[in-house]
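Asker:
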Amino acid sequence: MKNKLLLIAAFSMLIYSGCKLEDNPTNAVTTASLATTSDGLLNAVNGAYALFKDHEVFEGTTDLNNMYLRQYFQMSDFASDDVVCGQVTTDPFFLTFSLGFTPTQQNASYFWYISYKIISDANTVIEAGSKISNPSAAQQQLIGECYFLRAFCHFNLVRFFAEPYTINPTAPGIVLRTSTTDPAIKARSSVKDVYAQVIADAIKSSTLMTDGASRGVTFATKEAAEALLSRVSLYEGDYQSTITYSNAVISSGKFTEATASDYKTLFANAQTDKETIFCIAFDALDDYGKLGSLASQYYSNGNSGWGEEYASQPLRDLYAQNPSDVRTSYIDDDLDSSGAQQYKNGIPIYYVTKFSFQGGSPTLSSPIMFRLSEMYLNRAEAEANLGQTSAALTDVDFIRSNRGLSGALYNGTVPTGQTVLGAVLQERRLELAFEADRTFTVYRNKQSMNKTYWGYHLQGLQASDINLSVAPANYPNMIIPYTSTKIIYYIPEAEILSNTAATQNP
Amino acid sequence: MFNLKKLLLFLLLVVSYCNLYAQERVVKGKVTAKDGSSLPGVVIQVQGTTKGAVASGPDGFFSINVTPGAVILEAHSIGYTTKVIPVAADQNKISFVMEEDNKQLGEVVVTGYSSQKKGNLTSAITVVSAEKLKDVTSDDIGEMLQGKVSGLQVVNSSGAPGSVSEIRLRGVSSVNAAQAPLIVVDGIIGGDYDPNDVESVTVLKDAGATAIYGSQANGGVIIITTKKAKGDKTQYEFKAVTGFRTPDFGTMTMMNSSELYQNQKQLFRDYIPGATGNSYVIDLVQFQSERPASILNTNTNWLTTMFKPAPVENYYFSAMGKTAKNDYYFGATFYDEGGTFMNTDYKRVNLRSNNTYHFTDKITLTNNINISGSEGKSYDYNDIYYAYLNLPWDNPYDANHNAIYVDGNSKFTWWSRDKTNPINTIDNSDHPFKSFDINYDLALNLPITPWLSFSTTNRGSASYYYSSTFYSPEVEGVYHGTGYLNDQSTYDYGGISTNLLKFDFKLGKSAINGLAGVEFEGSQTNTVGASGKGLPIGLSSLDVVANSQAVNGSPDSPSILSYLSQVNYSYEDRYFLSGSYRVDGSSAFAPGNKYGTFPSISAGWLVSNEDFLRDNHAVDNLKLRLSYGITGTQDIGASRYLGLYSLTSQYNSAVGATPLQLESPNLTWESKHQLDAGFDIGLFHRINITVDAYHNVTKNLLLQVAQPLSVGFETKWENTGQVLNNGLEFAISSQNIKNKDFQWTTDFNISFNNNKLQDFPSTVISTGEDAVSQIYRTGGNLYEFYMPTWEGVNPQTGAPQWLVQNKDANGKVTSTSVTSNYASATLQEQGSALPKFQGGFNNEFRYKKFFLRINTYFLYGNKVYNANLAEVENDGSEPLLNQIVLPKGSSVWTHPGDIATEPSPENNTNSTSVSTRYLKNGSYLSLRNIAFGYSLPKTFAQRLNLSDINLSLSADNVYTFTRYLGQDPATTITPGNFVTPGVADFKYPDNRQFLLNIDIKF
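The listed protein sequences correspond, in order, to chains A and B.
Sequential numbering from 785 applies to the first sequence in our numbering.
Sequential numbering from 328 applies to the second sequence in our numbering.
Set out below in structure tokens:
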């Protein structure tokens, strides 16, 4: 019997011969395989777009508040005079209201990090693509999209983390990443050098992308690259190029300015609207609801969002000058059944709905990154700066005539007490409110931001202090000059600590 | 056999029991030790009864009453073998000698792959017997071990039903790799068991003992041994524990209606910082218009409304016995833990059958099966959050006691900041979970020669875990109108097979034993999940979700192949030398880096067996030990060495690949080099002391090295950096008093641990949830908080203040000042979440048949950041969240010149930002368990055909002494999603338990 048992035991040893000690990932592929599989590059490029909307793990946590686009819109528009804060919160976006920036604030760190993740993804594809001999038009399109994404992300970074080009082109810009094999330790390039790289990448992308291979407005296209070049040229003060690239987009014939009646549904139907040049596609699976959607801070139907940030009083006053302006349809005054104004902590509630109602959902939209109106406004601003008053006002009137203001056109005349640039910038504010434009436009034009209105950006404000019949007085930081260090964010501390060559903003 | 009738009979007899007297005679005598010296404190009794027991006096003399005729006496004393003395009918004077009992040294300790006599051990090993373990009633062995093993830190950070504690042995020695000790059940790595089935727990603390477990033993090893038959006689045991638990809200007292009303007056003070003409008075007219006194008509205590006392029950039945061929043990447990929070609970059933068949004396086949199933209901964090933060001015119930529905559209006044009634949410949601687990162990021992044997030990296991999150469309909030269902399940099957050749022989004065063999461990874990919205009211199955359907799932199959060996040598039972060597291959690493080697060597000298101590009366045991060895870690998840793109994302309905991980082809084992020196000493047969000092260096840490964020990756896995842990452990177990009727025993242990990081490639500031940062740098500690120092309130402005350090070019602090500008405050290291020392102090008093036990656990020197305080002590920045009653001595600033502790609500900018304001001393002393019990007389039990009946009342977590402000200071130290070690967030409060225990053996 003992021998039988020994035999069984010996057999049991045989199981080891089949042991391979392998545990390969089942939901990921190796970086190297991207270039060698048929759908590798396509997946990687699509992934780069997904990073604009996904909640990526950051600092060990998948925080639903961490989304590229959420930080993109909040970090810019909450700093502007278009938005009022109705609730003090521990969410770091509050620092954008209070100007209590820190180098460790998570929203800015995440935005920085994901920007570079998209850039790393783009670089991986560009490098893999450079090894393809005779790339097809579809492959060239993908590579072109990656040059676009690299340019777009570098440009957004330099807008948030460096002084405006028009104020100081030699100021430290951001770290330029154009290769995955660069040393990790790398200094910030100057603002000027960053713009040069952005422009070079955007031009390169516009030559690689073709109509035939275009994947539609939810992806980068030749026109998206030109729209980016229009915007970058304007920020750089290169007005001739601004006009050139704006014209290229306008004359491409691919886009049509929304009419006054279409305009009301433009943002809910961004993916199909003829005005959209480039938007980030969100579909039903990306409807993050109250916890994590872009709309949540701006709007609530009672359950759908936090609804704690509203259209500011100065912006509403500006719209109120022309009650027929259809752009007010994106501002939703919260009234109760008897028509009484509703308040949050003493602040009147005027919801913003530019990020709602795709497919009827209060928390879903495909945020627009570029649209045709901006091309007219970019051109108008360039023209105004070049002294081409009538051309500038014609462009402004084109916008106004499509926004229900046919009865309130400039018709080539600058109103007394206003400049042509003033008229253009006012139109830009009305048109592009809540679209991550206002703050950059104010400061790059060397203007001050005036936030003299009741809201929780005022230090230590209590609801009981609010008297809406008079303007607030004596609170600090109500007017922020373009010379303030608070017009840009700190470089994330995590970058400074591990990248010893990078310097911090003052 | 146990039956209900018998139990009833027994209860009846308890009432009617009385003592019977008989005629008596006296026997006198003297007790001596082997060398002739008299022995005091020896208990002498008539065999079979403790009635009339006496103890010998200082000179060894005793006198005992016995019945007429021949009797048999028994003599007991700790450290001596029980002596049986027949006394003839006419004998009334006796004297006898007590034999020393070296049983303690001869006791067999299970050390993993083998077992050894306690006296032969060369490593730091602590054994906790079942008796010492089961004071606390729980389903979790960690809770039971708290305070009983030096060097073992146990954190019960949640009071949720079925929650599992965190166990850390000798500090934390890894940064990014897993930290929990390896659990070994009945000699096989891993496994499921019920605490009621546990015979003993052995904790292996140094590498001398743990290196044989190689790559899985970095966090130490806890060996669970389940019960086996002890004698020929069939033994039954029935145990019932029943009682209730109440939530322990700690030191955080929330305001009631009128306290909050008074508190809110502060918000109406006429003060605009920087403005002139401030009057600093409260505008009572405005206050009364905005906070009408009618709100005082409602005084809801949300906590006591949502947390209620809940029942706890634990029933256990076992049977064991032996026949010539077969040993068997059967245990069944039913554990039912009610949750103190609404709609939470946990139930578990566990069945175990341990059987050993003896083919011959030496050839044995063991079949052990453990089957368990559990189910319960979990909770949503937000519901507990609102239990703390909703205002007492809101009433959750309508006149019919139905939880009212509240949302942003509700037009009635709802004061609380968020328009939500958590009770209504709970009524319309559910978080159930279920699990099933089966283990089958098969072991065969086969002698080949008299000194060589073969053993194969195998376990197959399968488990299934299911959890669900359900919201009805009727719920308030995100899922209103749509509902939501998310079902997740995990099934796991695995096997482990260990095949060893064991040898054991004597050569003259030397004895050698050891083993060599091979082990394979593999498993596959599959997760499958699906979710969706668009549920019809009343239904909650995946079949009926109408939209937003999403699925997830992936398999993972890790494996480890190991070669192991161990040799133990002893000479004259005085000198011991032990060595082990293990080679592990893991699927976690790249080909070429898969294998790691883990050697150890240890030595012991049993000094008390030397001639010069052999006859010493003071010292009955003295052992010196020294060990050195290496353990490892590979537990970081699969494929960390590969450059990866994740395919879990999608864009525009197409698959998206996103950058996941940087390549690190050379990634390999993290190894912990452990040096331990210790001694065990036994004195006067009463006192046992164990002292150990250790120096552990974890090298080649598997570290997520911080990358500049601008490369697009936060970290890269590398083998770099070191964690140093130096520590000292002291444990004493003492029989303070032992006489006939009264015994007092004390177990005390304390352990100090000092932790340091070395050779870190760069300083990393890790900022987690609630914006709390911790710094990792060479020379620093693990989990070191990094934040500005709170400097109180500016007496002139009422603004918060923080410390600023002004530094020269060399970074030396030249002066300090304070600032009310948070951004310019200096970030400083503020202490670690890990304790400096911790331990337990446990006492047991026995008087005749009664016992009283008081067990405590203490922890000192750790910091806890109470992130809750930013909400409940928020200086008016969020006025519509309920606030805590401020601790004594606190005051809110009211006017210039006021020396206050709380900033002005009118000038509170950044006052709740992360600083030492909310960083609290986490030290505490916890009264873990008090029990009072009574053993019914044996004679009485025997009349019922029972052998033992024990009754006791016990209370767990009776009280925590602490200066911490918050829920109880036990705070998680395991990093994770939304979790920073040492940061307390609103949690399911821990519980006090009050229990009645009945234990019957027959």
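Using N, Cα and C, we set each Cβ at its ideal position, and we do this for glycine too.
(1) Look up R744(B) in the DSSP assignment and say whether it is helix, strand or coil.
(2) My understanding is that V414(B) touches E351(B), with C-beta atoms under 8 Å, so please give their C-beta distance in whole angstroms.
(3) Taking C-beta to C-beta, are V829(A) and L926(A) nearer than 8 Å?
(4) Is it true that the CB of F644(B) sits closer than 8 Å to the CB of F565(B)?
(5) What three-state label does DSSP hand K1175(B) in the structure shown?
(6) Just the chain B side, please: which residues come within less than 7 Å of K1074(A) by C-beta, in chain order?
(7) For A1033(B) versus S1282(A), is the C-beta spacing smaller than 8 Å?
(8) Rounding to the nearest angstrom, what Cα-Cα distance links S542(B) and V639(B) in this structure?
(9) Please check if any C-beta of chain B sits within less than 8 Å of the C-beta of K816(A).
(10) Any C-beta of chain B sitting closer than 8 Å to the C-beta of P1151(A)?
(11) Label V1038(B) either buried or exposed according to how many other C-beta atoms from any shown protein chain fall within 10 Å of its C-beta, with 16 as the threshold for buried.
(12) Give a yes or no on whether 8 Å exceeds the smallest Cβ distance from L805(A) to chain B.
(13) Can you tell me whether P1199(A) is buried or exposed? The criterion is at least 16 other CB atoms within 10 Å of its CB, across all chains shown.
(14) Between the beta-carbon of A416(B) and the beta-carbon of A397(B), is there less than 8 Å?
(15) Using DSSP bridges, identify the partner residues of K566(B).
(16) Y1227(A) by DSSP, collapsed to three states: which one?
(17) For the structure I just gave you, are there three or more beta carbon pairs, one from the segment 852-870 of chain A and one from the segment 1214-1224 of chain A, closer than 8 Å?
(18) If I'm right that A1126(B) touches F885(A) with Cβ under 8 Å, what's the distance once you round it to whole angstroms?
(19) Tell me which residues share the same chain as Y348(B) and place their Cβ nearer than 6 Å to its Cβ, disregarding the 5 neighbours each side in the sequence.
(20) Output yes if chain B places a C-beta closer than 8 Å to the C-beta of P1290(A); else output no.
(21) For A1192(A) and S1096(A), I'd like the C-alpha separation in whole angstroms.
(22) Determine, for F885(A), whether the minimum Cβ-Cβ distance to residues of chain B falls below 8 Å.
(23) Using the Cα positions of V1033(A) and T1173(A), report the straight-line distance between them to the nearest angstrom.
(24) Which same chain residues, not among the five before or five after T1090(B), have their C-beta less than 6 Å away from its C-beta?
(25) What's the gap between the Cα of T1143(B) and the Cα of N583(B)?
(26) Run through DSSP, which three-state label would Y540(B) get?
(27) Check W629(B) in the structure and name its three-state DSSP category.
(28) Which of helix, strand or coil does DSSP assign to I910(A)?
(29) Is H944(B) helix, strand or coil by DSSP?
(30) Three Cβ pairs or more, each shorter than 8 Å: is that satisfied between the segment 913-921 of chain B and the segment 865-883 of chain B?
(31) Could you check where the alpha helix (DSSP H) with Q1123(B) kicks off and where it finishes?
(32) Is it true that the CB of S1150(A) sits closer than 8 Å to the CB of I1263(A)?
(33) So, does the segment 1041-1059 of chain A touch the segment 1136-1155 of chain A, judging by three or more C-beta pairs under 8 Å?
(34) Got a sec, what are the start and stop residues for the beta strand (DSSP E) I1378(B) sits in?
(35) When the Cα atoms are used, what is the spatial distance from Y1240(A) to G735(B)?
(36) Excluding the 5 residues preceding and the 5 following Y1029(A) in the sequence, name in chain order all residues of the same chain whose CB lies nearer than 7 Å to its CB.
Answerer: Here's the rundown:
(1) Judged by DSSP in its simplified three-state form, R744(B) adopts coil rather than helix or strand.
(2) Not a contact, Cβ separation roughly 13 Å.
(3) Result yes, Cβ atoms of V829(A) and L926(A) sit closer than 8 Å.
(4) Result yes, Cβ atoms of F565(B) and F644(B) sit closer than 8 Å.
(5) Note: K1175(B) maps to coil in three-state DSSP.
(6) Neighbours of K1074(A) on chain B, chain order: G804, V805.
(7) Taking a C-beta distance under 8 Å as the contact criterion, A1033(B) and S1282(A) qualify as a contact pair.
(8) Near 39 Å, if we compare the C-alpha coordinates of V639(B) and S542(B).
(9) As written in the sequence, residue 816(A) is Ala, which differs from the Lys given in the question. Judged by the 8 Å Cβ criterion, A816(A) is in contact with chain B.
(10) Residue-level contact check: P1151(A) does not touch chain B, since none of the beta carbons of chain B fall below 8 Å from its beta carbon.
(11) V1038(B) is buried by the Cβ-count criterion.
(12) The beta-carbon of L805(A) is placed less than 8 Å from the nearest beta-carbon of chain B.
(13) Result: exposed.
(14) Contact annotation: A416(B) and A397(B) have beta-carbon atoms nearer than 8 Å.
(15) Bridge partners of K566(B): Y643(B), D1326(B).
(16) Helix, per DSSP.
(17) Because the criterion of three Cβ pairs below 8 Å is met, the segment 852-870 of chain A and the segment 1214-1224 of chain A touch.
(18) Contact doesn't hold; Cβ gap of about 18 Å is too wide.
(19) Here Y348(B) scores only 41 on pLDDT, less than 50, and its place in the model should not be relied on; the value that follows carries that caveat. Nothing listed; no residue qualifies.
(20) Not an interface residue.
(21) A1192(A) and S1096(A): Cα-Cα distance of roughly 23 Å.
(22) The beta carbon of F885(A) falls within 8 Å of a beta carbon belonging to chain B, placing the residue at that interface.
(23) Rounded to the nearest whole angstrom, the CA to CA distance from V1033(A) to T1173(A) is 22 Å.
(24) So the qualifying residues of the chain are R1104.
(25) The C-alpha of N583(B) is placed about 41 Å away from the C-alpha of T1143(B).
(26) Of the three classes helix, strand and coil, the one that applies to Y540(B) here is helix, per DSSP.
(27) Helix at W629(B).
(28) I910(A) sits in a helix when the DSSP states are folded into three classes.
(29) When secondary structure is reduced to three states using DSSP, H944(B) falls in the coil class, being assigned neither helix nor strand.
(30) In this structure the segment 913-921 of chain B does not touch the segment 865-883 of chain B; the number of beta carbon pairs closer than 8 Å is below three.
(31) Per DSSP, Q1123(B) belongs to no alpha helix (DSSP H) and is neither H nor E.
(32) Using a Cβ distance threshold of 8 Å, I1263(A) and S1150(A) do not count as a contacting pair.
(33) The segment 1041-1059 of chain A vs the segment 1136-1155 of chain A: in contact.
(34) Since the displayed chain B opens at 328 and closes at 1329, residue 1378(B) lies outside it and no answer follows.
(35) Between Y1240(A) and G735(B), the C-alpha separation is close to 20 Å.
(36) Counting only Cβ-Cβ distances below 7 Å, and skipping sequence neighbours, we find E1010, L1013, S1014, S1017.
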